[in-house]
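Position 240 of the sequence shown, counting from 1, maps to 240 under the working numbering, and the rest follow consecutively.
Note that CB positions come from ideal geometry on N, CA and C, so glycine has one too.
Note sheet for the following structure.
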Amino acid sequence: MPLLIGGQEGGWLYLGAWQFDKWAEAVDANDDPIAPSIGPGTAVTISNLGPNATGQLGESTDACFDERVGPTIDNTVPFPEPPGFGYAAVALPTPTWELTPRPLAVSTRAPDAYLSLGVEAFGGEPVDASLGAVQQLLVTDLDGDGDDEALVVFEYVQPDSIRGTPGDLSSVLLVDATTRDSSTVLQSFVDEGLGPDDFPLIERFRILDVADYNGDGTMEVAVHAWYYEGASVIVYEYDGTELTEVLSAGCGA
1 MPLLIGGQEG GWLYLGAWQF DKWAEAVDAN DDPIAPSIGP GTAVTISNLG PNATGQLGES
61 TDACFDERVG PTIDNTVPFP EPPGFGYAAV ALPTPTWELT PRPLAVSTRA PDAYLSLGVE
121 AFGGEPVDAS LGAVQQLLVT DLDGDGDDEA LVVFEYVQPD SIRGTPGDLS SVLLVDATTR
181 DSSTVLQSFV DEGLGPDDFP LIERFRILDV ADYNGDGTME VAVHAWYYEG ASVIVYEYDG
241 TELTEVLSAG CGA
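This is how it looks when you write it as structure tokens:
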């Protein structure tokens, strides 16, 4: 099952695929790009936390400035908020199973307990995490065991911060919604003590999608990550305890 990432214009970039019993990256052993095994006319489902959309693959065109190409899709997808550079959705050949077998609850507000976990995740780092806030909270039962998991995006990025400003921070947490046990999935920050000759760089994150990409009943998590001149999508699988990266692709300098 090949996966593509894209949005409003240009070709959709090949992210990788589920092949029988394993995940396969979008590059070979020499890091050369692999073309997806689907062509024009293929019916696809477009997924990004909202109602699923449908489309059809067209001819390939540029999908990144590095000469990678990907198919067009005859349906455009608005970029999610905030309008970070990069990718708006995941597309895959229309599956025979339910992509979201259990409900997703998505919010930009969160109980104080999640805010505290966000602050604690930066303990010992050279930033003031008390300035941060929960920017995205998603609660669902990823693996169907009856217990909910929460995905938390915690962030403090200063106004007009383009590359990054000392003190900026961003993270993604996985939280047991019942016990509040948490682990850090992704984290980026700019040291408050960064010198004037140093290069500040902040990477920001949002949950792009939560869906069952391989039909096993457990939903994968797709994270949109971006910085000032590039973006990527990272797919994680859940084993009942933690998230493990299985696919990633993007475009940037």
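In this structure Pro40 does not touch Leu15 by the C-beta definition: roughly 19 Å separates them, more than the 8 Å allowed. For Asp148, the closest of Asp28, Leu247, Leu104 and Val223 by C-alpha to C-alpha distance is Leu104. Ranking Val175, Gly164 and Leu3 by CA distance to the CA of Ala121 puts Val175 first.
In the three-state reduction of the DSSP assignment, Gly6 falls in the strand class, which pools E and B. From the listed residues Arg68, Glu98 and Ile5, the smallest Cα separation to Asn214 is found for Glu98. Per the DSSP secondary-structure output, Asp176 pairs in a beta bridge with Glu149. DSSP places Glu25 in the uninterrupted beta strand (DSSP E) bounded by Lys22 to Glu25. Cβ-Cβ distances below 8 Å link Ala113 to Arg180 in the same chain, with the five nearest sequence neighbours on each side left out; the list follows chain order. The region 5 to 23 makes contact with the region 64 to 82, as at least three CB pairs between them are under 8 Å. In the pairwise beta carbon analysis, the region 42 to 58 is classified as not touching the region 19 to 27: fewer than three pairs are separated by under 8 Å. Nearest to Gln136 by C-alpha distance, out of Glu155, Ser130 and Gly124, is Glu155. In the DSSP assignment, Leu186 falls within the beta strand (DSSP E) that extends over Ser182 to Phe189.
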